[in-house]
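Chemist:
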Amino acid sequence: MRQTRPVHLVVAINPAAAFGQRRGAGPLAVERLRAARHEVVALREPSYADLRRAVEAAVHAGTDALVVVGGDGMVHLSVNALAGAAVPLGIVPSGTGNDVARGLGVPVGDPAAAVDALLARLHGSPRHVDLGRVRSTSGEITWFAGVLSGGFDAAVNERANRMRRPRGRSRYTLAILRELAALHPVRYALELDGVIEQRHAVLVAVANSPSFGGGMRVAPDASTVDGRLDVVTLDRIGRAGLLRLLPRVFTGDHVRDARVTVRRVRRVRLDAPGVVAYADGERIGPLPLEVEVVPGALRVLA
35 MRQTRPVHLV
45 VAINPAAAFG
55 QRRGAGPLAV
65 ERLRAARHEV
75 VALREPSYAD
85 LRRAVEAAVH
95 AGTDALVVVG
105 GDGMVHLSVN
115 ALAGAAVPLG
125 IVPSGTGNDV
135 ARGLGVPVGD
145 PAAAVDALLA
155 RLHGSPRHVD
165 LGRVRSTSGE
175 ITWFAGVLSG
185 GFDAAVNERA
195 NRMRRPRGRS
205 RYTLAILREL
215 AALHPVRYAL
225 ELDGVIEQRH
235 AVLVAVANSP
245 SFGGGMRVAP
255 DASTVDGRLD
265 VVTLDRIGRA
275 GLLRLLPRVF
285 TGDHVRDARV
295 TVRRVRRVRL
305 DAPGVVAYAD
315 GERIGPLPLE
325 VEVVPGALRV
335 LA
């Protein structure tokens, strides 16, 4: 579409991107957006906490769009600032997993291509996509765009986040192998759209989009525009069985296994002893938690 005016953009850059292979993505995004004659305010802060406050202040002050440069953690930061707001989100993926960006069709692995795709959308109409809303027992609200996990999958996430190497998908695979030593089923109390059930499971995922862990398609049919969450459970399984099932998760074929159940719901309550939940790769907190879908809660430039 023919550009009619400069757009005011706030660009939030992952603090961790100051190091390693990802350090060039932020400056590249800012340079290309400014070269297209847009008004760019670049936010660089020493920590996620500082960056979150800066993003919230910038959104409150007013901007045409928020652009985040980073991975799923940066997307998670942004959706918690933008949920229900008119300000759209643009993503330049440069993280480890980039699962939310992948699910939205944003080019992954090529920051320049992601910026080009963003530029092509700036004067178009943003897409409205669903978000998951999490409520803790204290009433605290957290939003997520991708997948909330609670169980073996969350334990893997916790371990993977502590690991510095290797990068990308292989880090999650290695974390899975290390967590296998402690594998055991957990008794869950689930309430799915008002229907209560008890089940022993090793994995519970509540998915708004298909993948987590750098391309693991845990809920291959999940959609950000259907007004539903896909609840995926994996019942009792041994270490050898999980190892055989693991490669199928990357294609989504695991859902054909009899021990895997997928239900599509609007609301789910999760409870289990000693289980901590993650969403978009970020630590949410211990169960119990209530999760519901909020249709069209986020506008995206993708």
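Sequential numbering of the sequence shown, starting at 35, is according to my numbering. Glycine included, every Cβ here is placed at the ideal spot set by N, Cα and C. From a predicted model like this one, the values you see are computed outputs, not experimental measurements.
1) Name the DSSP bridge partner or partners of G184?
2) Ignore the nearest five residues each way along the sequence and tell me which others in H72's own chain have a CB closer than 8 angstroms to its CB.
3) Taking the DSSP output, what are the residues bridged to H162?
4) DSSP three-state call for E213: helix, strand or coil?
5) Which of helix, strand or coil does DSSP assign to T207?
6) I'd like to know whether the C-beta atoms of P307 and R270 end up nearer to each other than 7 angstroms.
7) Is the distance from the Cβ of V168 to the Cβ of V325 below 7 angstroms?
8) Would you report the Cα separation of L100 and P281, rounded to the nearest angstrom?
9) Using the Cβ count rule (16 or more neighbours within 10 Å means buried), how would you classify S128?
10) DSSP three-state call for P320: helix, strand or coil?
11) Taking just the CA atoms, how far does G104 sit from G54?
12) Who pairs with L304 in a beta bridge, going by DSSP?
13) D314: buried (16+ other C-beta within 10 angstroms of its C-beta) or exposed?
14) On the premise that W177 lies in contact with N114, defined as a C-beta separation below 8 angstroms, what is that separation, rounded to the nearest angstrom?
15) In this structure, how does DSSP classify M23 when only helix, strand and coil are distinguished?
16) State the Cα-Cα distance for the pair R161 and A331, rounded to the nearest angstrom.
17) Looking at the strands, I want to know which residues DSSP matches up with R297.
18) Count Cβ pairs between the region 229-239 and the region 178-185 that sit closer than 8 angstroms; are there 3 or more?
19) Report the start-end ranges of each beta strand (DSSP E) in the region 86-132 that is 3 residues or longer and not cut off at the edges.
20) Using the beta-carbon count (16 or more within 10 Å), is V126 buried or exposed?
21) For the region 187-196 against the region 289-307, are there 3 or more C-beta pairs whose distance is under 8 angstroms?
22) Please state if the CB of L111 and the CB of R87 are separated by a distance shorter than 7 angstroms.
23) On a CA-only basis, which of L153, G118 and G272 is nearest A70? Give me that one, please.
24) Determine, using beta carbons only, whether V299 and L224 come nearer to each other than 7 angstroms.
25) I need the boundaries of the alpha helix (DSSP H) containing R155, first residue and last residue.
26) Between which two residues does the beta strand (DSSP E) harbouring R233 extend?
27) Between the alpha carbons of I47 and E79, how many angstroms are there, rounded?
28) Quick one: using the 10 Å Cβ neighbour count with 16 as the cut-off for buried, is G247 buried or exposed?
29) Select from I318, V328 and L335 the residue whose C-alpha is nearest the C-alpha of E174.
30) Could you tell me which of D305, R233 and T207 sits nearest to L277, measuring between CA atoms?
Modeler: By the coordinates alone:
1) A311
2) P40, V41, H42, L43 and L156
3) R333
4) helix
5) helix
6) no
7) yes
8) 36 angstroms
9) buried
10) strand
11) The pLDDT assigned to G54 is 45, lower than 50, so where the model puts this residue is not dependable; a value taken from the coordinates is nonetheless given after this. The alpha-carbon atoms of G54 and G104 are separated by roughly 13 angstroms.
12) L224 and L323
13) buried
14) 5 angstroms
15) There is no way to answer for residue 23, as the model of the chain reaches only from 35 to 336.
16) 10 angstroms
17) V265
18) yes
19) 99-104 and 123-127
20) buried
21) no
22) no
23) L153
24) no
25) P145 to R155
26) V229 to A241
27) 8 angstroms
28) buried
29) I318
30) T207
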